[in-house]
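Novice: With mature numbering (1 follows the signal peptide of the UniProt record, and there is no 0) applied, the sequence shown covers -33 to -1, 1 to 154. Positions of the beta carbon are idealized from the N, C-alpha and C atoms, including for glycine. If you scroll down you'll find the structure; I have some questions about it.
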Amino acid sequence: MKSCYRLRLQICLVFLIMALTSLSPWLTSSAYAGIDDDRLDGNIFVVYAGNGSLVPPRLNLAETFQRKIPAIIVYYLDDSSDCKQFAAIVSRFQEFYGRAASIIPVSVDSIPLKSSYRADEPGYYYRGGVPQTVVLDQQGKVVYDGLGNVKYEDVDDVLRKVFDLLPRSESVELKRRSFNEFNAELR
């Protein structure tokens, strides 16, 4: 009789374990990164733009002012869906202007709380929303300040004026040539 109860108990335990393991994917939270949610998935430039070279920035604001080069400051949060979607646009800024301008992504969580900021501190230009894009010319003057997911073309138009380039309507579209180990052998 005792062995019969023991056998039934073992069978019940096996079924209970099977039921719990089959339900575990629905009982646990999702581990998938999502561009449309406000969850923290890691650095947005690495995860959503495939560009880990943006953070930390190559130059800070003080160094940018010393070198007298334009700056593109982008304020962001890693757990903002708007910022996640905007990360690819920031990567495009670097693709086309990264050698001539200083691209400075600033996590707003890293801005120290102070009553006032100097012009060479990121908190000086921050308006309280993300994403925010600020373009400074060679003299450090604000020539663009956009809040939200601004269009690449809007910032590009401003940067073309800063660098004295032809307007987009008068210039040829630049396309990067694809190069990898496969098409290198085809030449």
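Quick one: what does DSSP say Ala38 is sitting in, helix, strand or coil?
Specialist: Here Ala38 sits in strand by DSSP.
Novice: Since Ile70 and Leu133 are thought to touch, with beta carbons under 8 Å apart, how far apart are those beta carbons, to the nearest angstrom?
Specialist: That pair is no contact at about 22 Å.
Novice: With a threshold of 6 Å on Cβ separation, who are the neighbours of Val57 within its own chain once the five nearest residues in sequence on each side are excluded?
Specialist: Around Val57: Val41.
Novice: Can you name the residues that DSSP bridges to Tyr111?
Specialist: Tyr111 is bridged to Val102.
Novice: Mark Leu28 as exposed unless 16 or more other C-beta atoms lie within 10 angstroms of its C-beta, in which case mark it buried.
Specialist: Burial call: buried.
Novice: CB Ile36 to CB Ala67, shorter than 8 Å?
Specialist: Their beta carbons are under 8 Å apart, which means Ile36 touches Ala67 by this criterion.
Novice: Please report how far the alpha carbon of residue 160 lies from the alpha carbon of Asp46, in whole angstroms.
Specialist: It is not possible to answer for residue 160, since the shown part of the chain is limited to -33 through 154.
Novice: Leaving aside the five residues before and after Gln61 along the sequence, list all residues of the same chain whose C-beta is less than 8 Å from its C-beta, in chain order.
Specialist: Only Asn18, Ser20, Leu21, Ile70 meet the Cβ criterion.
Novice: For Arg59 versus Tyr119, is the C-beta distance shorter than 8 Å?
Specialist: In this structure, Tyr119 lies closer than 8 Å to Arg59 by Cβ.
Novice: Cα separation between Tyr64 and Ile(-17)?
Specialist: Each residue's Cα considered, the two are about 57 Å apart.
Novice: Mapping DSSP to helix, strand and coil, what is Pro89?
Specialist: Three-state DSSP puts Pro89 in a helix.
Novice: Can you tell me whether DSSP reads Ile78 as helix, strand or coil?
Specialist: Ile78: coil per DSSP, three-state reduction.
Novice: Look up Val97 in the DSSP assignment and say whether it is helix, strand or coil.
Specialist: Residue state, collapsed to three classes: coil.
Novice: Counting along the chain, where does the alpha helix (DSSP H) carrying Ile2 start and finish?
Specialist: Counting along the chain, Ile2 falls outside any alpha helix (DSSP H), and DSSP gives it neither H nor E.
Novice: Looking at the structure shown, is Val117 part of a helix, part of a strand, or coil, going by DSSP?
Specialist: In this structure, Val117 counts as coil in the three-state DSSP scheme.
Novice: Considering only the alpha carbon of each residue, which of Thr31, Arg(-28), Gln52 lies closest to Val97?
Specialist: Closest option to Val97, Cα to Cα, is Gln52.
Novice: With a 10 Å radius around its C-beta and 16 neighbouring C-beta atoms as the bar for buried, classify Val(-20) as buried or exposed.
Specialist: So Val(-20) ends up on the exposed side.
Novice: From what residue to what residue does the alpha helix (DSSP H) around Asp49 run?
Specialist: Segment 48 to 64, the alpha helix (DSSP H) holding Asp49.
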